[in-house]
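To start, the structure itself, in structure tokens.
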Amino acid sequence: MFPSFSHHYAALPDRMRAESAPTPVTEPSLIVFNHSLAQALGFDAAAFDPLKAAEVLSGNRLPDDVRPVAAAYAGHQFGNFVAQLGDGRALLLGELPHADGGLREVQLKGAGRTPFSRGGDGRAPIGPVLREYLVSEAMHALGVPTTRALAAVATGESVFRQLPEPGAVLTRVATSHLRVGTFQYFAARGDKEALETLVALAIERHYPDLGELPESERPLALLEAVVGRQAALIAQWKGLGFIHGVMNTDNCALSGETIDYGPCAFMDNFHPATVFSSIDERGRYAWDNQPAIAQWNLARLAETLLPLIDADQERAVEQATRAIEAFSERHEWQWARVLRAKLGLCQTHEPSPGADLALGEALLDAMDQGSADFTLSFRRLALVLHDGEPGEPGEPGEPGEPGEQAEPTQGSGEAALRQGFERSQMLNAWLPRWRERLARESASSAELATRLEAANPAVIPRNHQVERVIRAAIDDDDLAPFEHLLAAVTRPFETPDDDALIAPPARDQRVLRTFCGT
Ligand code: AMP
Ligand code: MG
């Protein structure tokens, strides 16, 4: 049933990783298994056996060809440098070829202590495991580069945090687990040779085109390429109202994939300074601070690469600085691209993103003023376009009760959008600007509506829903709500039958704090 693993990371020099066996668990049982991802990774579907999968993916009985290792890395946590972090509760089983032609690293997260565990138990509670499974698979379905979830296995053991909680192991799949912190670990030790090895690995795995460059140019080119991917990634996060929550340098991947779903959450009503993580007291990782933090993290990567960029320190600093400064413009361009798509705009009428960016940000300001739901407001833009198209969907106002409509002249789609705003003065001013800009797109209203629905999801894993399904799994041993939510969030652009999954939380349902679960 299991395909055979390769061991590129395990073959790296000893100082870059530690061999470490999983600690067996008492009663492994499969909670969820990602059959479509497994198929892409070459698993034999016909031979699928949930008992065997649970044995292997809990770490109790590894295939003979597996050499588990924990990777060494360092990192800035909330701005403070920690010279040794490393995989304290994750073990890399090896790599598998994916159907797309690339390699994937397969990791067990929560499989017991490793030489990098410090004071930790090496375990993961079921709540964070289910959260990561749901959110990472939702992100993938939303088109965001991300690590994936192959399986979650219950261990049958308790994990002690504030209270005892059931333990679980997540099987995480990534194009690699190289982080900014991996480079920092070796830079802090003056280990230039290891840094060269990491540059070569990152290029081979993630940016193979750069392998064509003369060797001396590759470190700077790698930095520029990572800047480009992170600039795009953060724009995608922002376009979904996603707040990562713990953008430490050890959680910033060279691949440009989203990694480490600790206290992450999607915001409901839009306020740019929103933070969920209970430990992010100063809002370092707030929604609107994410680009600046990504740039800060990339500057830390740049520092590690300086000796490889140029033997002349001054020249190296100059080139690296330029690459890091370019983040701002590259991110802005990506952000404009995201906002354009969310507003249904394809045609670029000007080389710079200026006007469309301003239009998108004006809608965000209106949402902020109106405390409007981020996801729902964007999704309802498509309804506005159905207005005035006879025969198009969009509920007509109640006949005979015109007094109930806020403004009798407006269409029902517009009324639905407005309904989500506590104050709508700014929205009122914005809508004609948007209509005027849409008129310059050569597309029918129906085409525009289709575009909008393909760019703006109906369903995201809302925090209160995620909490609800986790509680059901823990308190009632009931996985059905988890499965139901997973099915909806992995088809995020389709309107689900269950309206509850689309709706923002009622006031008393709001979940405003999240925890990393470490
Ligand atoms: P994270 O907050 O998940 O990015 O983890 C930060 C660091 O703490 C990493 O080195 C993790 O491996 C380590 N860590 C987190 N949770 C545990 C745990 N339960 N046991 C051991 N190490 C852990
Ligand atoms: Mg981490």
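So for the sequence shown, this note's numbering puts the first residue at 15; every next one is plus one. Even for Gly, the Cβ is constructed at its ideal location relative to N, Cα and C.
Given 7 Å as the limit, tell me if residue i has its C-beta closer than that to any heavy atom belonging to ligand 2.
{"i": "residue 264", "result": "yes"}
{"i": "residue 294", "result": "no"}
{"i": "residue 489", "result": "no"}
{"i": "residue 274", "result": "yes"}
Which value, in whole angstroms, describes the spacing of the CA atoms of residue i and residue j?
{"i": "residue 336", "j": "residue 304", "result": "20 Å"}
{"i": "residue 207", "j": "residue 64", "result": "43 Å"}
{"i": "residue 529", "j": "residue 283", "result": "20 Å"}
{"i": "residue 256", "j": "residue 281", "result": "6 Å"}
{"i": "residue 71", "j": "residue 327", "result": "47 Å"}
{"i": "residue 441", "j": "residue 48", "result": "42 Å"}
{"i": "residue 114", "j": "residue 216", "result": "18 Å"}
{"i": "residue 332", "j": "residue 230", "result": "16 Å"}
{"i": "residue 163", "j": "residue 53", "result": "13 Å"}
{"i": "residue 294", "j": "residue 92", "result": "8 Å"}
{"i": "residue 55", "j": "residue 15", "result": "11 Å"}
{"i": "residue 292", "j": "residue 142", "result": "14 Å"}
{"i": "residue 356", "j": "residue 461", "result": "14 Å"}
{"i": "residue 235", "j": "residue 286", "result": "33 Å"}
{"i": "residue 341", "j": "residue 453", "result": "33 Å"}
{"i": "residue 515", "j": "residue 504", "result": "12 Å"}
{"i": "residue 111", "j": "residue 17", "result": "9 Å"}
{"i": "residue 224", "j": "residue 425", "result": "53 Å"}
{"i": "residue 521", "j": "residue 501", "result": "26 Å"}
{"i": "residue 525", "j": "residue 483", "result": "13 Å"}
{"i": "residue 320", "j": "residue 330", "result": "6 Å"}
{"i": "residue 173", "j": "residue 324", "result": "48 Å"}
{"i": "residue 205", "j": "residue 27", "result": "12 Å"}
Taking a contact to mean a Cβ-Cβ separation below 8 Å, would you say residue i touches residue j in this structure?
{"i": "residue 480", "j": "residue 145", "result": "yes"}
{"i": "residue 196", "j": "residue 87", "result": "yes"}
{"i": "residue 171", "j": "residue 39", "result": "yes"}
{"i": "residue 471", "j": "residue 247", "result": "no"}
{"i": "residue 239", "j": "residue 344", "result": "no"}
{"i": "residue 401", "j": "residue 427", "result": "yes"}
{"i": "residue 183", "j": "residue 73", "result": "yes"}
{"i": "residue 19", "j": "residue 107", "result": "yes"}
{"i": "residue 433", "j": "residue 478", "result": "no"}
{"i": "residue 46", "j": "residue 166", "result": "yes"}
{"i": "residue 431", "j": "residue 397", "result": "yes"}
{"i": "residue 261", "j": "residue 308", "result": "yes"}
{"i": "residue 84", "j": "residue 34", "result": "yes"}
{"i": "residue 278", "j": "residue 311", "result": "no"}
{"i": "residue 125", "j": "residue 36", "result": "yes"}
{"i": "residue 466", "j": "residue 390", "result": "no"}
{"i": "residue 89", "j": "residue 264", "result": "yes"}
{"i": "residue 315", "j": "residue 233", "result": "no"}
{"i": "residue 457", "j": "residue 317", "result": "no"}
Checking the sheet assignment: what are the DSSP bridge partners for residue i?
{"i": "residue 90", "result": "95"}
{"i": "residue 31", "result": "85"}
{"i": "residue 387", "result": "283"}
{"i": "residue 109", "result": "20, 119"}
{"i": "residue 43", "result": "168"}
{"i": "residue 529", "result": "Paired residue(s): none; residue 529 is not in a bridge."}
{"i": "residue 184", "result": "123, 166"}
{"i": "residue 193", "result": "267"}
{"i": "residue 289", "result": "DSSP lists no partner for residue 289."}
{"i": "residue 179", "result": "173"}
{"i": "residue 516", "result": "DSSP lists no partner for residue 516."}
{"i": "residue 160", "result": "272"}
{"i": "residue 104", "result": "123"}
{"i": "residue 257", "result": "279"}
{"i": "residue 139", "result": "181"}
Hey, is residue i close to ligand 1, as in C-beta under 7 Å from one of its heavy atoms?
{"i": "residue 600", "result": "Since the first residue of the chain shown is 15 and the last is 532, residue 600 is not available in this structure."}
{"i": "residue 227", "result": "no"}
{"i": "residue 104", "result": "yes"}
{"i": "residue 137", "result": "yes"}
{"i": "residue 353", "result": "no"}
{"i": "residue 99", "result": "yes"}
{"i": "residue 291", "result": "no"}
{"i": "residue 134", "result": "yes"}
{"i": "residue 130", "result": "yes"}
{"i": "residue 260", "result": "yes"}
Can you check whether the C-beta of residue i is within less than 8 Å of a C-beta belonging to chain C?
{"i": "residue 328", "result": "The displayed structure is made up of one protein chain only, and chain C is not part of it."}
Is any non-hydrogen atom of ligand 4 found closer than 7 Å to the C-beta of residue i, if you look at the structure I gave you?
{"i": "residue 200", "result": "In the structure shown, ligand 4 is absent; the only ligands present are ligand 1 and ligand 2."}
*Are there three or more Cβ pairs, one per stretch, closer than 8 Å when the segment 374-388 is compared with the segment 439-453?*
yes
*Report yes or no: do three or more beta-carbon pairs, one from the segment 146-157 and one from the segment 82-97, lie closer than 8 Å?*
no
_Counting beta carbon pairs with one atom in the segment 113-128 and one in the segment 174-192, are three or more of them shorter than 8 Å?_
yes
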